[in-house]
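Below is one structure, written out as structure tokens; comments come after it.
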Amino acid sequence: MDPPCVQWQDHVAQKWTALDPELKEHFTSQLEIDDVFKCALTLASQDDLDFLQSISAGYSVQKDTGQATKCRERGNSSFKSRDYAAAALHYSQGVCFAPQTSEQLSLCYANRSAALLHLQHYQECLDDIDKAVKNGYPSHLLHKLEDRRSQCLKQLSGGQKRQEDHHNLTSNHKGPDVVKAPSVERLTCGIHPQVTVGYSLEKGRHLVAAERIAAGEVILNDRPYSCVLIPGMEEVKGKRGRLDTERGVFGIEHRFCHRCLTETLCPVPCEGCSYSRYCSTGCQQDAWEEHHRWECPLGADLMVMGVMSQLALRVTLKAGLRNVQMARETIRDEHTKSEPSCLNRESSESSPSHTNQPDPSTSYFGDSYLSVFHLLHHLNRHSPALRFLSAVTVATLYLRLSKAGPPPATWALSSTSGANGQSPDEEGHNADWSEELWLLGSVVLRHILQLRCNAQAILMLQDTGAANSPVQSSQEIRIATAIFPTLSLLNHSCCPNTSLVFSTGTSIDPLGLDLSADFSESVAERGSSARGVTVTVRAAKGITPGQEILHCYGPHSSRMVTRERQRLLQEQYYFLCQCEACTQTQEVEEGTEGRQQRAGGSGLLCGKCRGSVKKSGVDKGAAFICSQSSCGHCISSSEVSCWLQEIRVDLEKAVELMERERPDEALSLLKRAQCQSGLILAETHPVHGELADAMARAYATMGDWNNAASHLERSAVAICTQYGEDSIELGQQLFKLAQLHFNGGARDPALSVIPKVRRLLCLHWGPHCNELQELQAMEDCLRG
Numbered sequence: 027m028d029p030p031c032v033q034w035q036d037h038v039a040q041k042w043t044a045l046d047p048e049l050k051e052h053f054t055s056q057l058e059i060d061d062v063f064k065c066a067l068t069l070a071s072q073d074d075l076d077f078l079q080s081i082s083a084g085y086s087v088q089k090d091t092g093q094a095t096k097c098r099e100r101g102n103s104s105f106k107s108r109d110y111a112a113a114a115l116h117y118s119q120g121v122c123f124a125p126q127t128s129e130q131l132s133l134c135y136a137n138r139s140a141a142l143l144h145l146q147h148y149q150e151c152l153d154d155i156d157k158a159v160k161n162g163y164p165s166h167l168l169h170k171l172e173d174r175r176s177q178c179l180k181q182l183s184g185g186q187k188r189q190e191d192h193h194n195l196t197s198n199h200k201g202p203d204v205v206k207a208p209s210v211e212r213l214t215c216g217i218h219p220q221v222t223v224g225y226s227l228e229k230g231r232h233l234v235a236a237e238r239i240a241a242g243e244v245i246l247n248d249r250p251y252s253c254v255l256i257p258g259m260e261e262v263k264g265k266r267g268r269l270d271t272e273r274g275v276f277g278i279e280h281r282f283c284h285r286c287l288t289e290t291l292c293p294v295p296c297e298g299c300s301y302s303r304y305c306s307t308g309c310q311q312d313a314w315e316e317h318h319r320w321e322c323p324l325g326a327d328l329m330v331m332g333v334m335s336q337l338a339l340r341v342t343l344k345a346g347l348r349n350v351q352m353a354r355e356t357i358r359d360e361h362t363k364s365e366p367s368c369l370n371r372e373s374s375e376s377s378p379s380h381t382n383q384p385d386p387s388t389s390y391f392g393d394s395y396l397s398v399f400h401l402l403h404h405l406n407r408h409s410p411a412l413r414f415l416s417a418v419t420v421a422t423l424y425l426r427l428s429k430a431g432p433p434p435a436t437w438a439l440s441s442t443s444g445a446n447g448q449s450p451d452e453e454g455h456n457a458d459w460s461e462e463l464w465l466l467g468s469v470v471l472r473h474i475l476q477l478r479c480n481a482q483a484i485l486m487l488q489d490t491g492a493a494n495s496p497v498q499s500s501q502e503i504r505i506a507t508a509i510f511p512t513l514s515l516l517n518h519s520c521c522p523n524t525s526l527v528f529s530t531g532t533s534i535d536p537l538g539l540d541l542s543a544d545f546s547e548s549v550a551e552r553g554s555s556a557r558g559v560t561v562t563v564r565a566a567k568g569i570t571p572g573q574e575i576l577h578c579y580g581p582h583s584s585r586m587v588t589r590e591r592q593r594l595l596q597e598q599y600y601f602l603c604q605c606e607a608c609t610q611t612q613e614v615e616e617g618t619e620g621r622q623q624r625a626g627g628s629g630l631l632c633g634k635c636r637g638s639v640k641k642s643g644v645d646k647g648a649a650f651i652c653s654q655s656s657c658g659h660c661i662s663s664s665e666v667s668c669w670l671q672e673i674r675v676d677l678e679k680a681v682e683l684m685e686r687e688r689p690d691e692a693l694s695l696l697k698r699a700q701c702q703s704g705l706i707l708a709e710t711h712p713v714h715g716e717l718a719d720a721m722a723r724a725y726a727t728m729g730d731w732n733n734a735a736s737h738l739e740r741s742a743v744a745i746c747t748q749y750g751e752d753s754i755e756l757g758q759q760l761f762k763l764a765q766l767h768f769n770g771g772a773r774d775p776a777l778s779v780i781p782k783v784r785r786l787l788c789l790h791w792g793p794h795c796n797e798l799q800e801l802q803a804m805e806d807c808l809r810g
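Structure, rendered in structure tokens:
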């Protein structure tokens with residue numbers, strides 16, 4: 027959920043425990059968000075604000091010349107070792123820390139330009155040279171910059187000349203006309219014309235196929251109303267990670283634009299703080315106008331309060347006073363009609379979560395703020411302690427903001443006097459804007475409660491292989507949390523019929539789809555956010571007319587047993603999942619290995635006769651019994667767990683050795699683990715697949731392509747069993763297999779696997795992903 031930091035959670039928890047029982051009862055009995063916020067304001071105090079600011083001191087985002095100098099020195103060290111990408115990131119850190127117009131700022135820009143030159147980023151190098159000069163680069167060193175500028179201009183002019191020569195060559199060619207690539211249209215966000223919005227009391231609003239939708243076909247595109255980047259790097263499995271090498275430590279916040287999430291080596295810093303950075307001056311200015319003008323002085327406080335609090339504030343700031351007032355008016359209108367209705371993500375097919383909305387056919391979705399405002403907040407389903415944490419956090423933020431000066435432009439009344447008759451100050455803002463601030467606080471609380479059920483993690487593939495590795499190794503990581511208005515229409519299934527892919531930067535529709543104008547996005551309202559993040563939802567399998575379109579909120583049938591999935595969904599989304607996967611026979615696998623084996627069985631072998639085993643019972647004292655009646659060998663669940671744990675320990679040690687570039691030692695350890703696993707694990711067991719994958723990685727690192735491919739094939743068998751023959755997980759594994767065959771010169775095996783990979787990648791990621799381009803290049807080379 028991206029909650030506040032632990033110290034703040036503990037502080038509020040102690041406050042809740044010490045609260046007078048009558049006050050607890052009074053707070054818990056409030057049924058409206060406005061009333062909850064009013065109550066929290068009476069309970070929040072200056073002590074809370076003081077404690078917040080004492081924690082914030084450890085999250086300082088101030089400009090700091092000393093830190094800028096240290097970053098530049100680390101960059102120099104990386105530069106000397108010819109790790110120019112790491113050097114650029116260190117210099118960028120220095121740029122963000124350095125105060126404006128300082129000499130240290132000019133030195134960081136100049137040094138970064140040198141790294142960019144080596145990386146052949148010539149235009150960016152020229153930009154940094156100009157910034158170094160503008161910020162007072164020492165005159166006696168200017169000749170270095172001029173030499174560097176000349177090298178860049180020479181490279182750029184040479185590239186331009188080569189481009190012109192190529193153009194002239196193709197223009198003068200007397201053969202058949204050159205076929206031009208089709209122009210790629212601007213992305214139109216919305217729902218595919220073959221999809222309609224359905225409604226029922228049980229499911230709320232949801233998407234239904236109006237016509238048959240083929241596997242791989244785009245169902246919808248959506249952009250977030252707002253998003254917040256997550257500091258650090260987080261794997262989808264929940265284990266924290268980071269880009270941590272001898273080059274230094276770089277988290278998501280150092281490498282991605284804080285507005286559009288585009289990865290960049292040379293970010294544009296915020297002029298007021300050392301934390302926020304952007305891919306361009308355009309993103310910097312847009313973020314400043316939309317939200318950062320007000321967030322900037324509160325940066326450390328917002329980091330303490332957590333990503334959800336910051337996202338809720340950012341949504342509210344973007345909406346502005348007028349949109350919030352209009353949205354609140356719709357609630358008043360709906361209360362007068364008193365007709366119940368459902369709104370989603372909020373609701374699953376088994377989660378009748380109601381709110382008041384008069385007519386489902388006029389329900390809000392798309393880009394308008396109303397689509398976000400009317401998402402369910404589940405106020406009375408959140409635990410009292412969670413409600414208290416959210417409310418006191420926002421109330422403390424209210425106290426902080428009340429001392430922060432005039433409101434942002436979007437929250438200043440346009441009339442000549444304020445709501446209470448106060449005259450505006452010399453900048454046109456109301457001198458007393460307590461009414462607007464109170465309204466802002468109440469709406470921020472509403473959005474925090476909504477986000478617990480409606481926030482969407484933005485996932486990206488992160489390369490985890492060695493810098494010069496000839497085989498791709500990647501994992502999904504969360505880089506941001508967002509609210510997607512249209513995506514929230516999709517209900518959950520533990521075995522969904524869709525797949526999601528996120529893209530950042532300039533949003534282009536790779537398929538050139540002309541989606542229905544009825545659902546098109548209002549670019550005027552969103553402004554430059556059209557350049558930001560996009561999510562594309564594709565059909566992962568054929569969908570028949572009338573069938574509901576579903577996606578997974580996290581717990582998936584291929585990764586987790588039914589009871590665990592249902593528990594997690596109940597805790598976070600407040601519904602008991604009754605999707606197709608959950609209503610089938612309950613899985614009976616062991617502990618964390620709880621994955622339903624698609625081929626049947628447990629993936630375990632009898633240690634006596636090598637036959638398959640089945641689990642007897644579902645409690646902790648259950649045992650695994652050989653399915654062969656003539657054998658009947660039995661082994662306890664605890665014994666199986668112990669064996670699996672030993673194998674996993676060896677596997678983790680081996681992976682660590684490979685990261686330290688000791689593949690021979692890793693391979694020795696993996697062979698030992700494989701011998702152990704062969705006693706109890708079938709080839710279809712997930713752990714057996716992980717071992718085979720690690721062995722393939724070790725052999726590949728050593729250049730033994732044939733052995734690497736052999737083990738990866740075994741890993742693919744386990745992946746196929748666990749995730750299915752049409753899964754993206756299998757596609758990624760087969761993509762690595764194609765690379766191994768290609769590197770080993772195994773022409774026929776490579777050409778045999780490439781079509782399978784192409785089909786799976788097209789199905790889930792679309793026909794224009796980078797991996798497909800690499801596959802095509804391999805195939806062209808192999809065919810001569």
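Residue numbering for the sequence shown follows our numbering, starting at 27 and increasing by one per position.
A virtual CB, placed ideally from N, CA and C, is assigned to each residue, including glycine.
Can you tell me the Cα-Cα spacing of residue 748 and residue 559, whole angstroms? Approximately 31 Å between the Cα atoms of the pair.
Count the other CB atoms within 10 Å of the CB of residue 787; is the residue buried (16 or more) or exposed (fewer)? Buried, by the Cβ-count rule.
Can you list, in chain order, the residues of its chain with a C-beta nearer than 6 Å to that of residue 350? Leave out the 5 residues immediately preceding and following it. Listed in chain order, the non-local C-beta contacts of residue 350 below 6 Å within the same chain comprise 469, local neighbours out to five positions each way being set aside.
On the DSSP letters alone, give me the boundaries of the beta strand (DSSP E) that residue 123 sits inside. Segment 110 to 123 is the alpha helix (DSSP H) holding residue 123; no beta strand (DSSP E) there.
Rounding to the nearest angstrom, what Cα-Cα distance links residue 686 and residue 676 in this structure? A direct Cα-to-Cα measurement between residue 686 and residue 676 gives close to 15 Å.
Separation of residue 422 from residue 319, as counted between CA atoms: As the crow flies, the alpha-carbon of residue 319 is around 20 Å from that of residue 422.
Tell whether a beta-carbon distance below 8 Å holds between residue 565 and residue 83. Taking C-beta atoms as the reference points, residue 565 and residue 83 fail to come closer than 8 Å.
Going by DSSP, what residue range makes up the beta strand (DSSP E) through residue 651? Unbroken beta strand (DSSP E) run through residue 651: 649 to 652.
Among 142, 743 and 769, which one has its Cα closest to the Cα of residue 757? Comparing Cα-Cα distances from residue 757 to each of 142, 743 and 769, the minimum goes to 743.
Tell me whether residue 772 sits in a helix, a strand or coil according to DSSP, three-state version. If DSSP states are grouped into helix, strand and coil, residue 772 belongs with coil.
Could you work out which residue in 75, 504 and 510 is closest to residue 424 when comparing CA atoms only? Out of 75, 504 and 510, the CA that lies nearest to the CA of residue 424 is found in 75.
Would the beta-carbon of residue 145 fall within 8 Å of that of residue 111? A contact, by the Cβ cut-off of 8 Å.
For residue 257, name the three-state secondary structure that DSSP assigns. The answer is strand: DSSP assigns residue 257 an E or B state.
Look up residue 235 in the DSSP assignment and say whether it is helix, strand or coil. In the structure shown, residue 235 sits in a strand (DSSP, three-state: E or B).
Backbone secondary structure at residue 796 - three-state DSSP: In the structure shown, residue 796 adopts helical secondary structure according to DSSP, grouped into three states.
Mapping the DSSP letters down to three states, classify residue 105 as helix, strand or coil. Residue state, collapsed to three classes: helix.
Can you tell me where the beta strand (DSSP E) holding residue 660 begins and where it ends? For residue 660, the enclosing beta strand (DSSP E) begins and ends at 660 to 662.
Give me whichever residues DSSP pairs with residue 564 in a beta bridge. Looking at the DSSP output, residue 564 shares a beta bridge with 244 and 525.
Beta-carbon proximity list for residue 648, same chain, < 7 Å, skipping 5 on both sides: 641, 642 and 663, listed in sequence order.
Residue range of the alpha helix (DSSP H) that includes residue 325: In the DSSP annotation of this structure, the continuous segment of the alpha helix (DSSP H) that includes residue 325 starts and ends at 325 to 331.
DSSP three-state assignment for residue 592, whether helix, strand or coil: DSSP, reduced to helix, strand and coil, places residue 592 within a helical segment of the structure shown.
DSSP on residue 176, reduced to helix/strand/coil? Correct three-state label for residue 176: helix.
If I measure Cβ to Cβ from residue 475 and keep anything under 8 Å in the same chain, skipping five residues before and after, which residues do I get? The residues 59, 403, 404, 405, 408, 413 and 416, in chain order, have a CB closer than 8 Å to that of residue 475 in the same chain once the five nearest residues on each side in sequence are set aside.
Alpha-carbon to alpha-carbon, residue 276 and residue 109: The C-alpha of residue 276 is placed about 14 Å away from the C-alpha of residue 109.
If you follow the alpha helix (DSSP H) that residue 301 is part of, which residue opens it and which one closes it? For residue 301, no alpha helix (DSSP H) segment is defined, and its DSSP state is neither H nor E.
Cβ of residue 280 within 8 Å of Cβ of residue 119? Their beta carbons are under 8 Å apart, which means residue 280 touches residue 119 by this criterion.
Can you confirm whether the region 56 to 71 touches the region 81 to 97 when touching is taken to mean that 3 or more C-beta pairs between the two stretches lie within less than 8 Å? These segments do not touch.
Thinking residue 702 and residue 672 are a contact (beta carbons under 8 Å), I'd like their distance in whole angstroms, please. About 7 Å; that satisfies the 8 Å criterion.
In whole angstroms, what is the alpha-carbon distance linking residue 466 and residue 347? Near 8 Å, if we compare the C-alpha coordinates of residue 347 and residue 466.
Going along the chain, which residues of its own chain have a beta-carbon closer than 6 Å to the beta-carbon of residue 212, five neighbours each way excluded? Only weak support is given to the placement of residue 212: the predicted model assigns it a pLDDT of 42, under 50, and the question is left unresolved by the model.
Burial state of residue 626 (16 or more Cβ within 10 Å): Only weak support exists for where residue 626 lies, its pLDDT of 41 falling under 50; the value from the coordinates is given anyway. So residue 626 counts as exposed.
Excluding five sequence neighbours on each side, which residues of the same chain lie with their C-beta closer than 8 Å to the C-beta of residue 678? Within the same chain, residue 678 has no close Cβ partners at all.
Out of curiosity, what's the CA-to-CA distance linking residue 178 and residue 162? Spanning the alpha carbons of residue 178 and residue 162 requires a straight line of approximately 21 Å.
Rounded C-alpha distance that separates residue 197 from residue 527: Its pLDDT being 47, under 50, residue 197 is placed unreliably by the model, and nothing is read from it.
When DSSP labels each residue in this structure, what does residue 77 get in the three-state scheme? Note: residue 77 maps to helix in three-state DSSP.
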